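> Right, I'll just put the structure down here and ask away after.
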Amino acid sequence: MNSKAHYNPKSKRQLVSFVIMLVLSVAVVFGSIAIKNAVDEKNNGTVDVNFTISKSVPVSVKDNKLGVTAVEEVYNDKNEVVAYVINGTTVGYNAESPIEMATTITADGKVVCGVDILKQEETEYLGVRIATDDFKNQFAGKKIPVVSSNGIEKGSKVDVIAKSTISSEAVITGVDNAAEYVTEFLAK
1 MNSKAHYNPK SKRQLVSFVI MLVLSVAVVF GSIAIKNAVD EKNNGTVDVN
51 FTISKSVPVS VKDNKLGVTA VEEVYNDKNE VVAYVINGTT VGYNAESPIE
101 MATTITADGK VVCGVDILKQ EETEYLGVRI ATDDFKNQFA GKKIPVVSSN
151 GIEKGSKVDV IAKSTISSEA VITGVDNAAE YVTEFLAK
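full-length UniProt numbering puts the sequence shown at residues 1 to 188.
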């Protein structure tokens, strides 16, 4: 039997084409993963917010469409505005009683310094956990915008409280509203 009778020159080209396509596909997949990880690392990194507060001065609220109820300028010992404390309301699970919160945002409006829940009447044992330090401390040093870890939006991820996502996401919305107010009306 002649061995050349079964040889097909196209099969060699097809095999080379298949190997090239396989290598390119693997490169695209791993390249996409590397790009996604780089973007996530950029967004999820925390910023060291390091300043000493010497005084805070109330300023008038320019517009309360974002739920803002009070604003304070925060000064360092060199009498420079370093942050703003934005008091506001946001609607959580208990729509009849809005969550009242204070959010401190850097003067440029790009980083959250901290969050405090002033008043809330969310569900017992679940929603009330938005006032715990474990939840609130996640926001310190996060870049704006802050987003839920459950979502696919780009931004600094914050873990929501299990079985209390509505309350958690309401706080996230309140933080983003405070940051939007700073950038729109106060940042210089």
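Idealized CB from N, CA, C, for every residue including glycine.
Bear in mind the structure is a predicted one, so any value in this text is a computation, not a measurement.
Pull up the DSSP beta-bridge partners for Asp133, would you.
Residue pairing from DSSP leaves Asp133 without any beta-bridge partner.
> Run the CB neighbour count on Asp63, radius 10 Å, all protein chains shown included, and call it buried at 16 or more, exposed below.
That one is exposed.
> How would you label Ile86, buried or exposed, when you count the other beta carbons within 10 angstroms and need 16 or more for buried?
buried
> In chain order, what residues of the same chain lie with their CB nearer than 8 Å to the CB of Glu153, ignoring the 5 residues before and after it?
Only Pro145, Val147 meet the Cβ criterion.
> Determine contact between the segment 155-167 and the segment 112-131, defined as no fewer than three beta-carbon pairs at a distance below 8 Å.
Counting C-beta pairs closer than 8 Å gives three or more between the segment 155-167 and the segment 112-131, which meets the contact rule.
> In three-state terms, what does DSSP make of Glu184?
helix
> Taking the C-alpha atoms as reference points, what is the distance between Ile35 and Phe135?
29 Å
> Are the beta-carbon atoms belonging to Phe51 and Val82 less than 8 Å from one another?
Yes, they are a contact pair.
> Is it the case that the Cβ atoms of Val19 and Gly141 are separated by a distance below 8 Å?
no
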